[in-house]
Amino acid sequence: MVSATEFSTNFVVLREEKASFCDLLCFLLFGYTGGEEEEAFIEFATDKMEQNLMRRQVLKPDRESATFRTIVGYMDKRVKLDKKFKPGDDKYCKALSAMAAKIAYENKAFIKTTVTKHWEMELIDFYKFWNVFEKKYTTTAYIVMDKKVDPEMIVVAFRGTEFFNADLRAADVDISWYEYPGMGKVHGSFLKALGLQENGWPREVDHDDHHPLAYYTIRNQLKDLVCQNNKTKFIITGHCTGGALAILFPAVLALHGEVLLLERLEGVYTFGQPRIGDDVFGQFMEQKLQLHEINYQRIVYSNDLVPRENDPAFTLKHFGTCLYYNCFYKGKILEEDDQPKEISKFAILFKFAIAVRELMRGFVIPYIKGPEYRESLVLKAFRLIGLILPGYASHNVHDYVNVTRLGSI
Numbered sequence: 018m019v020s021a022t023e024f025s026t027n028f029v030v031l032r033e034e035k036a037s038f039c040d041l042l043c044f045l046l047f048g049y050t051g052g053e054e055e056e057a058f059i060e061f062a063t064d065k066m067e068q069n070l071m072r073r074q075v076l077k078p079d080r081e082s083a084t085f086r087t088i089v090g091y092m093d094k095r096v097k098l099d100k101k102f103k104p105g106d107d108k109y110c111k112a113l114s115a116m117a118a119k120i121a122y123e124n125k126a127f128i129k130t131t132v133t134k135h136w137e138m139e140l141i142d143f144y145k146f147w148n149v150f151e152k153k154y155t156t157t158a159y160i161v162m163d164k165k166v167d168p169e170m171i172v173v174a175f176r177g178t179e180f181f182n183a184d185l186r187a188a189d190v191d192i193s194w195y196e197y198p199g200m201g202k203v204h205g206s207f208l209k210a211l212g213l214q215e216n217g218w219p220r221e222v223d224h225d226d227h228h229p230l231a232y233y234t235i236r237n238q239l240k241d242l243v244c245q246n247n248k249t250k251f252i253i254t255g256h257c258t259g260g261a262l263a264i265l266f267p268a269v270l271a272l273h274g275e276v277l278l279l280e281r282l283e284g285v286y287t288f289g290q291p292r293i294g295d296d297v298f299g300q301f302m303e304q305k306l307q308l309h310e311i312n313y314q315r316i317v318y319s320n321d322l323v324p325r326e327n328d329p330a331f332t333l334k335h336f337g338t339c340l341y342y343n344c345f346y347k348g349k350i351l352e353e354d355d356q357p358k359e360i361s362k363f364a365i366l367f368k369f370a371i372a373v374r375e376l377m378r379g380f381v382i383p384y385i386k387g388p389e390y391r392e393s394l395v396l397k398a399f400r401l402i403g404l405i406l407p408g409y410a411s412h413n414v415h416d417y418v419n420v421t422r423l424g425s426i
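According to the numbering used here, the residues represented by the sequence shown are 18 to 426, in order.
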């Protein structure tokens, strides 16, 4: 077992204050440069516009209210679980995970209302976690369970990268990494977001309630919950960077030898997850997943760019089972090397054609599959971006929820 207290002696850390013009250009092309204030304005404007159109009056939205939605929430307004899936069904955990990952972008009040009113579950807590290196709160997650007494299923959902948040977008393109003996190289920003300390991953840390750390807080909470019922299992999920944190969580559990929690971990379901480690890390994780019989499903939709982003110098690799779904929601199991490659102008034209089809599909799918699949104007506008940047619009949460409901596997 890798020593949890032995910090990495081999690492690369990105210093943004020393970034070159090329680095800056890449950042500008990747994400918005304004930060949290501009993100708040975009979401405020969306809420304000809808109220103006629907109520013919303008009210200032309360960002902490149960009715406030983020941009992601406006792309997919569904809050109810698919009733055709029941606990114990093959697709139940995957469908539940997709919805949990989707609403993770919303505020605490919205999540609580959705979980208690529409899912008839219990919200354990909603967290904003401290990043020791960034000296601010960068990670958001929540925990729910199926019933208040003797729970049988617990869900841990990490929030993914928020649109127009420059800090989180910068983390996505951060090339920092840390290497641990026997564990391999792991993406630095994801480790920091999960609760990495300046001295590595000690088994226990001292932290106050005002600066909770993601891994340690969730781990301790899960220990308390699983002890209530010997049959209690839990799943972890997330979209985008939330998916990266979801699969990194059991990696640190394995690092610390947390056998109880690893044995109770039913599965990890990620949607549009980026690469997080090298080949050695992948082998380490596959061994632990197999040892503890953890069901890890990495779901990738169509031409989603995020799972295919790579840094050749770091040689990031995916691992485990990849469930790939095309624009018809037809799924198949792929190996890393079998995933579609961007190698020619014909591939780009093909992706453009798919983006056109996805845009047109949004107008007809509610008449074929039902009104719950109706696409919002915000999502249709987002799909227009896919015509300019094929694959960008495929990262939306709406399609990831759809593949869990309509997908062939």
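Ideal Cβ placement from N, Cα and C applies to all residues, glycine included.
Selected residue, minimal CA-CA separation from residue i, among the options
i, options, result
"Glu169", "Glu221, Cys110 and Asn124", "Cys110"
"Tyr346", "Glu280, Tyr286, Val418 and Glu326", "Val418"
"Cys244", "Gly408, Val203, Glu280 and Lys77", "Glu280"
"Leu6", "Trp136, Gly259 and Lys97", "Outside the shown range of the chain, which is 18 to 426, sits residue 6, and nothing can be said about it."
"Gly289", "Ser114, Asn413, Asp241 and Ala364", "Asn413"
"Ile171", "Gly284, Glu275, Lys250 and Gly299", "Lys250"
"Ala261", "Ile235, Arg236, Leu98 and Gly205", "Gly205"
"Lys152", "Leu213, Thr87, His256 and Ile252", "Leu213"
"Glu375", "Lys362, Tyr341, Gly348 and Asn320", "Asn320"
"Ile405", "Phe301, Leu366, Pro388 and Asp416", "Leu366"
"Ala263", "Pro219, Ile311, Lys248 and Arg400", "Ile311"
"Gly105", "Arg400, Val269, Thr157 and Asp163", "Asp163"
"Arg391", "Asp93, Asp79 and Lys77", "Asp93"
"His415", "Asp79, Arg95 and Lys77", "Arg95"
"Ala370", "Glu352, Lys349, Cys344 and Thr157", "Cys344"
"Asn237", "Pro198, Asp142, Ala112 and Ala372", "Asp142"
"Leu322", "Phe363, Phe301 and Ala372", "Ala372"
"Lys240", "Phe207, Gly201 and Leu282", "Leu282"
"Leu272", "Gly424, Gly217 and Asp167", "Gly217"
Coarse secondary structure for residue i, derived from DSSP in three states
i, result
"Lys397", "helix"
"Lys250", "strand"
"Gly408", "coil"
"Phe175", "strand"
"Glu283", "strand"
"Gly424", "coil"
"Gly403", "helix"
"Gln245", "coil"
"Val414", "helix"
"Lys240", "helix"
"Ile119", "Ile is not the amino acid found at residue 119; the sequence shown has Lys there. If DSSP states are grouped into helix, strand and coil, Lys119 belongs with the helices."
"Lys153", "strand"
"Phe58", "Model confidence at Phe58 stands at a pLDDT of 47, short of 50, so the residue's coordinates are unreliable; what they give is reported in the following sentence. Note: Phe58 maps to helix in three-state DSSP."
"Asn419", "helix"
"Leu45", "Legend: pLDDT at Leu45 = 41, less than 50; position of this residue unreliable, no value from coordinates given."
Bridge partners - residue i, DSSP secondary structure assignment
i, result
"His227", "Partner(s): none; His227 has no beta bridge."
"Glu139", "Met162"
"Tyr144", "Ala158"
"Met302", "DSSP lists no partner for Met302."
"Leu256", "One detail in the question is off: residue 256 reads as His in this sequence, not Leu. Answer is Phe288."
"Lys334", "Gly294"
"Gly217", "Gln214"
Limits of the unbroken beta strand (DSSP E) element including residue i
i, result
"Arg315", "Asn312 to Tyr318"
"Tyr341", "Thr338 to Tyr342"
"Gly348", "Gly348 to Leu351"
Boundaries (first-last residue) of the alpha helix (DSSP H) holding residue i
i, result
"Gly379", "Lys362 to Lys386"
"Phe127", "Lys125 to Thr130"
"Lys101", "Run containing Lys101: none; DSSP gives neither H nor E here."
"Val89", "Ile88 to Met92"
query: Counting pairs of Cβ atoms below 8 Å between the segment 377–384 and the segment 208–225, do you hit three or more?
result: no
message: Three Cβ pairs or more, each shorter than 8 Å: is that satisfied between the segment 126–134 and the segment 303–311?
response: no
- prompt: Would you say the segment 226–239 touches the segment 306–321, given that touching needs at least three Cβ pairs under 8 Å?
  reply: no
Three-pair Cβ contact test at 8 Å for the segment 114–126 versus the segment 81–98: Flag = yes, the segment 114–126 and the segment 81–98 touch.
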